[in-house]
Amino acid sequence: MLPAEANPPVTIPRLTAPRPTSPWALLASELAVLFGRLRTWALLLALAAIPLLIAAAVKLSSHPVAPGRGPPFLDRITQNGLFVGVTAMVVSVPLFLPLTIGVVAGDTIAGEANLGTLRYLLAAPAGRVRLLLVKYAAAAAFCLAATLTVAAAGALAGVVLFPIGPATLLSGDTIDVGESVVRLLLIAAYVTVSLLGLSAVGLAISTFTDVPVGAMAATIVLSVASQVMDNLPQLDWLHPWLFSHYWLNFADLLRQPISWADFGNNAILQAGYILAGGAVAFGKFTGKDVLS
Amino acid sequence: MKRAWMRWLPAALVPVAFTAAALAGSYQAGAATSLPHKSPADVIAMMGHANVQALSGTLQQTSDLGLPSLPTTGPAATQGPASTLELLTGSHTARVYMDGPSKARFQVMDLLAERDLVRNGNDVWLYNSADNSAAHVTLPARQSAERTLPSAPATPGMTTPEALAQRFLAAVEPSTDVTVGDGTMVAGRTAYPLVIAPKSNGTLVESVTIAVDSATGLPLSVDVRARGQAASAFSLAFTEVNLSAPDVGLFAFTPPPGAAVEQKSLPAVPAQKAMPMVPGASGKALPVHPTITGSGWDAVMAFPAGAMPSQARTAPLLSQLTQAVPGGRALTTSLVTVLMLDDGRVFAGMVPLERLQAVAAAK
Numbered sequence: 001m002l003p004a005e006a007n008p009p010v011t012i013p014r015l016t017a018p019r020p021t022s023p024w025a026l027l028a029s030e031l032a033v034l035f036g037r038l039r040t041w042a043l044l045l046a047l048a049a050i051p052l053l054i055a056a057a058v059k060l061s062s063h064p065v066a067p068g069r070g071p072p073f074l075d076r077i078t079q080n081g082l083f084v085g086v087t088a089m090v091v092s093v094p095l096f097l098p099l100t101i102g103v104v105a106g107d108t109i110a111g112e113a114n115l116g117t118l119r120y121l122l123a124a125p126a127g128r129v130r131l132l133l134v135k136y137a138a139a140a141a142f143c144l145a146a147t148l149t150v151a152a153a154g155a156l157a158g159v160v161l162f163p164i165g166p167a168t169l170l171s172g173d174t175i176d177v178g179e180s181v182v183r184l185l186l187i188a189a190y191v192t193v194s195l196l197g198l199s200a201v202g203l204a205i206s207t208f209t210d211v212p213v214g215a216m217a218a219t220i221v222l223s224v225a226s227q228v229m230d231n232l233p234q235l236d237w238l239h240p241w242l243f244s245h246y247w248l249n250f251a252d253l254l255r256q257p258i259s260w261a262d263f264g265n266n267a268i269l270q271a272g273y274i275l276a277g278g279a280v281a282f283g284k285f286t287g288k289d290v291l292s
Numbered sequence: 001m002k003r004a005w006m007r008w009l010p011a012a013l014v015p016v017a018f019t020a021a022a023l024a025g026s027y028q029a030g031a032a033t034s035l036p037h038k039s040p041a042d043v044i045a046m047m048g049h050a051n052v053q054a055l056s057g058t059l060q061q062t063s064d065l066g067l068p069s070l071p072t073t074g075p076a077a078t079q080g081p082a083s084t085l086e087l088l089t090g091s092h093t094a095r096v097y098m099d100g101p102s103k104a105r106f107q108v109m110d111l112l113a114e115r116d117l118v119r120n121g122n123d124v125w126l127y128n129s130a131d132n133s134a135a136h137v138t139l140p141a142r143q144s145a146e147r148t149l150p151s152a153p154a155t156p157g158m159t160t161p162e163a164l165a166q167r168f169l170a171a172v173e174p175s176t177d178v179t180v181g182d183g184t185m186v187a188g189r190t191a192y193p194l195v196i197a198p199k200s201n202g203t204l205v206e207s208v209t210i211a212v213d214s215a216t217g218l219p220l221s222v223d224v225r226a227r228g229q230a231a232s233a234f235s236l237a238f239t240e241v242n243l244s245a246p247d248v249g250l251f252a253f254t255p256p257p258g259a260a261v262e263q264k265s266l267p268a269v270p271a272q273k274a275m276p277m278v279p280g281a282s283g284k285a286l287p288v289h290p291t292i293t294g295s296g297w298d299a300v301m302a303f304p305a306g307a308m309p310s311q312a313r314t315a316p317l318l319s320q321l322t323q324a325v326p327g328g329r330a331l332t333t334s335l336v337t338v339l340m341l342d343d344g345r346v347f348a349g350m351v352p353l354e355r356l357q358a359v360a361a362a363k
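Line order of the protein sequences matches chains A and B. Counting in full-length UniProt numbering, the first sequence runs from 1 upward without gaps. Counting in full-length UniProt numbering, the second sequence runs from 1 upward without gaps.
Here it is, written out as structure tokens:
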């Protein structure tokens, strides 16, 4: 098939009808495909293993965790099991979560192109924008699923292995169990928002290649590069513009009172990356020569 | 293929829009606002009249003192003497809550950690989340009335902020220019910048700017600039301020279960301990009398041998921060220089190292 803009609108006969065309039905089918995949569940299972490992290690260790040793909040686990989720989040935010997001976001377009299913999804040039939106929405849904998996697995492991009691916040105040559940969910929401920018970058990269592994690797490398740059004091003018800049600031939700400033800053920054990534993906994908 | 470039239009426009938004934001932040003119004496009097009883706000502090950077993460960074020093380098965000003279809370927000100072009446709590430690200090009862100005008891009922402002200006006039700049915006409030600039060229300090809230007289930011440095050497500013009373629960601190709690007794002379750096102001309280050479901004304080404990001289942190100079070691920052001679004498001042060495040689 020739590039779309070189042709008058052509209706491609739908030889097979693999997926529906109404936007919501398309999204539902996309989600069904994503969460029907063994790979997606393997990724989520790997994420769930992190809090389980942390909880088991702390439980089986014979001597108590000294404050200030190991990952942040590790010593709080023995007081309140829900902190397993928080500790797991601190551990997974720099690498494990971006890794899974990179796999899913990098696969969005390139995976379909690689399998040869992309052309079936593109009934008309206008359909390409819709397809991008649906693909992005599915990747965003995976961000939510991934962070909720870490939080929920952590909370479950904590409830089973440790007592559930009042939790100590960073400010030194204590909150009851109900509020610690709320805080844990807020942290999951914050981390989900934090990963949306990376998903958009992954989607943009995915439109440039037909090799999904390449897009996945490039996305993951970018997330690591962004964090490395965020740690170089020589680049401090760049720091507020890096998508990973606010990733670890979810700890602001563990202060008393909650500091919402970075929640807002992070949301604005991620929205910027969604727009930029979306615009690049739009630029490339609407003109992409879909041959397979 | 005419439409090919159109497809890339959004991708080109998005960065342009971001840059424009960022530039507009920084332009607005630094935009001059028109406020009725005030003289320096008026602005200082306004600060004296300031009667802000309650506030909650966020402070942003940045320092560029030319010190080598210290580790900013990990437990080592926020414990012991490095903790205080760490506050002087780099940048920090802190939240401050105040309700009346005896209730206050100060939170230094570190990455994944926090240091708290809570005062509720005579109870003062320090909490550090990095090592989950707390310290408790009980203030003696008389400390409650500490907000009265130090000079007020001398002339009770007679001293107005206006008179104090005049007296202050007269006192600093020989060495210092005090002016009021164009109105600025700090934390969304209009403010008068009070610019204090030394007349002498011999000091490292170029200017000190205090932005005074035009409505309440509350100082909203302090910005210290050093000679020959584009970035400000030290700046402390409210990024957000709210003058309503914060939640009372914030001041009721009980150490969390599992925290290592230490009861600390107050040192014998607490009030004078804090300010050994100000020449003249608290000189009497120091165990060893410093001699002061020169006056105003380029004054040099000289401490005789023995003023500094010998174990402090060999602390690894100190050797990390100082450089070897002929006859001793020197701590040079963009605002303050300290010269520690091998014979035990210590010279300090807001002047270049050469001046300290000249004073040391003359003695």
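Glycine included, C-beta positions come from ideal geometry on N, C-alpha and C. Everything numeric in this text was worked out from a predicted model, so none of it was measured.
Spatial distance of residue i from residue j (CA atoms)
i: A245(B); j: T93(B); result: 21 Å
i: V224(A); j: R225(B); result: 36 Å
i: A25(A); j: G188(B); result: 47 Å
i: T149(A); j: R329(B); result: 56 Å
i: T100(A); j: P316(B); result: 44 Å
i: L31(A); j: A138(A); result: 6 Å
i: G306(B); j: V359(B); result: 18 Å
i: V280(A); j: Y127(B); result: 48 Å
i: A66(A); j: Q323(B); result: 36 Å
i: D342(B); j: G327(B); result: 6 Å
i: T138(B); j: D131(B); result: 22 Å
i: A145(B); j: G81(A); result: Annotation note: pLDDT 46 at A145(B) (below 50); position unreliable, no value reported.
i: P268(A); j: L97(A); result: Position check: residue 268(A) holds Ile in this sequence, whereas Pro was assumed. Each residue's alpha carbon lies about 21 Å from the other.
i: F35(A); j: W41(A); result: 7 Å
i: S206(A); j: T219(A); result: 9 Å
i: K38(B); j: M46(B); result: 10 Å
Selection from the options that minimises the alpha carbon distance to residue i
i: V180(B); options: E173(B), N201(B), V212(B); result: V212(B)
i: S232(B); options: L218(B), V241(B), E206(B); result: E206(B)
i: A153(A); options: G70(A), L222(A), I50(A), G264(A); result: I50(A)
i: G183(B); options: R167(B), S214(B), L164(B); result: S214(B)
i: L219(B); options: K264(B), L204(B), V195(B); result: Rather than Leu, the amino acid found at residue 219(B) in this sequence is Pro. Answer by Cα proximity: V195(B).
i: Y136(A); options: N266(A), L27(A), S22(A), L185(A); result: L27(A)
i: L87(B); options: A361(B), W8(B), M109(B); result: M109(B)
i: G287(A); options: P72(A), G70(A), V129(A), R69(A); result: V129(A)
i: G121(B); options: K103(B), R115(B), S129(B), A24(B); result: K103(B)
i: P40(B); options: G217(B), W8(B), G25(B); result: G217(B)
Residue-level contact to chain A via CB, residue i, 9 Å cutoff
i: P75(B); result: Here the model assigns P75(B) a pLDDT of 45, short of 50, so the residue's position is not dependable and the matter cannot be decided.
i: L9(B); result: yes
i: Q28(B); result: no
i: G258(B); result: yes
i: S232(B); result: no
i: Q229(B); result: no
i: Q320(B); result: no
i: V14(B); result: yes
Spatial neighbours of residue i in its chain, beta-carbon cut-off 6 Å, leaving aside the 5 residues before and after
i: R147(B); result: Low confidence applies here, because R147(B) scores a pLDDT of 46, under 50, leaving its location unreliable; read the following figure in that light. Taken in chain order, the residues that qualify are P101.
i: T192(A); result: C143, L144, T147
i: Y97(B); result: S56, R105, P246, L250
Below-9 Å beta-carbon distance, residue i vs any chain B residue
i: P257(A); result: yes
i: N249(A); result: yes
i: P8(A); result: Residue placement at P8(A) is flagged as unreliable, the pLDDT there being 46, under the threshold of 50; a coordinate-derived value is accordingly withheld.
i: S92(A); result: no
i: R183(A); result: no
i: P72(A); result: yes
i: R76(A); result: yes
i: T209(A); result: no
i: T174(A); result: yes
i: D252(A); result: yes
i: Q79(A); result: yes
Cβ shell of residue i (< 8 Å), same chain only, five flanking positions each side left out
i: L353(B); result: V325, A330, T332, T337, L339
i: A259(B); result: Y127, N132, S133, A134
Contacting residues, own chain, Cβ-Cβ under 7 Å from residue i (five flanking each side not counted)
i: Q227(A); result: P94, S244
i: L131(A); result: L121, L122
The ligand HEM heavy atom lying under 8 Å from the CB of residue i
i: V193(A); result: Ligands in the displayed structure: none, and consequently the ligand HEM is not present.
Beta-bridge pairing of residue i - partner residues as DSSP gives them
i: G328(B); result: V325(B), L341(B)
i: G278(A); result: Per DSSP, none; premise fails for G278(A).
i: F238(B); result: L59(B)
Contact set between residue i and chain D, taken where Cβ atoms lie within less than 9 Å
i: D64(B); result: Of the protein chains in this structure, namely A and B, none is chain D.
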